[in-house]
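Following: one structure in C-alpha cells, then a few remarks.
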Amino acid sequence: MQSLEITNLNVSIGGQPILKDFSLNIPKGEIHALMGPNGTGKSTLAKVIAGHEDYEVTSGEILLNGESILGDEPDEISLAGLFLAFQYPLEIPGVSIANFIRAAKQARLPENESINAVEYYKELYDKMDALKIDRKFTARSLNEGFSGGEKKRCEVLQMSMLEPEYCLMDETDSGLDIDALRIVADGVNLMRSPERGFLIITHYQRLLDYIVPDVVHVMYDGKIVHSGDAELAKELETKGYDWVKDSFVSSTAQ
Ligand code: ADP
Ligand code: MG
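Numbering (my numbering), first residue to last: 15 to 268.
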C-alpha cells in the first residue's frame, strides 16, 4: 500500500474541534492540491501529519505506506519518508544550510556509513544551481535574515536533498513573487516521480499554473467538501470560496 492515507481524522486544539472526520488518500506518483479559506484547518492537518504535538487527535488514522504514524515523533516520521515544508520556516542561528542538510542525510544512512563529503557537496551545489540559490548561502545560518522567497527556496532545497517519499508543502507559495514561485514550482516538477506523492496546500490558484495537480481538494470547516481535477482550482479562482461555502451549506441542509 504505497500511499499516505488519512481516514476520519478528528483533531482538536484546546477542546475546539478543527479537523472533522477528515479523509484523504494520496497514492505515490500523484500530486494533490488542498485549497480552502484561511482558518479552515489546512496547516493543522500538515502539522498533525508531521507529528506536531500541540494537537489532540481524538480519532482517526494516518497511514504511511500502510503503517500508522500517529503518535510518532516528528524525526521518526521524517525518517519514515515524509517531508513537511513549513508555511513559516524556522530560523536556526549558528547552523549552516550545508551542515543542517548533511546531518539530516547522515541520519538516513546505516550507522556504520558516513557521507562522502565530495559527493555531498557536488549534489548540494547541483541542486542549489537548479534552484538558483547563490552558493554563498551554503555557509549561512539556516533561514537567518533570509527573505521570504529565500526561505521558501531553501525549504525546496532541503526537500530535494532528502528525497522524501511524500512531500507536504504548506503554502510554500505565500509571499513569493512570480520568479520565486516559478523556481519553487520547477523544483517540485523536477522531483515529481512515480515513487513520490505530494500534498500541496495553497490558498491561491497561482502556484497551480506551474504545478499541475492530479487532484484538487477544497477544504471547508475541517473537512474536504469538493474534489476534482486541475480545472476545479480554476473554477475556484473565478467563483471564490463563498461558492464552496454556499454549496457546502446547501448540500448539508438537504
Ligand atoms: P489554515 O491553515 O487553513 O488557515 P489553521 O490550521 O492554521 O488553518 O487553523 C485552523 C483553526 O485552528 C483556526 O481557527 C486557528 O485559529 C486554530 N488554531 C490553529 N493552531 C492553533 C493553536 N496552536 N492554538 C489555538 N488555535 C489554533
Ligand atoms: Mg495555514
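Just so it is clear, CB atoms sit at the ideal spot from N, CA and C, and this is done for glycine as well.
All of these numbers come straight from a predicted model, not from anything done at the bench.
With the cut-off set at 8 Å, would you say L48 and I225 are in Cβ contact? Not a contact, by the Cβ cut-off of 8 Å.
What's the gap between the Cα of Q120 and the Cα of N113? Their backbone Cα atoms lie some 10 Å apart in a straight line.
Leaving out five residues on either side along the sequence, give the residues of the same chain with a beta carbon under 7 Å from the beta carbon of S57. Q101 and D184
What residue does the beta strand (DSSP E) around V109 start on, and which one ends it? Residues I106 to S110.
So what does V71 bridge to, in DSSP terms? V25
Regarding E185 and the ligand MG, is the C-beta to nearest heavy atom distance less than 7 Å? yes
Going by the CB atoms, is the gap between K165 and P103 shorter than 8 Å? yes
Is there a C-beta anywhere in chain D that falls below 8 Å from the one on Q219? Any reference to chain D falls outside this structure, which holds one protein chain only.
Helix, strand or coil for I147? Go by DSSP, reduced to three states. coil
Among V232, E158 and T152, the one whose alpha carbon lies nearest that of S37: Nearest in C-alpha terms to S37, of all of V232, E158 and T152, is V232.
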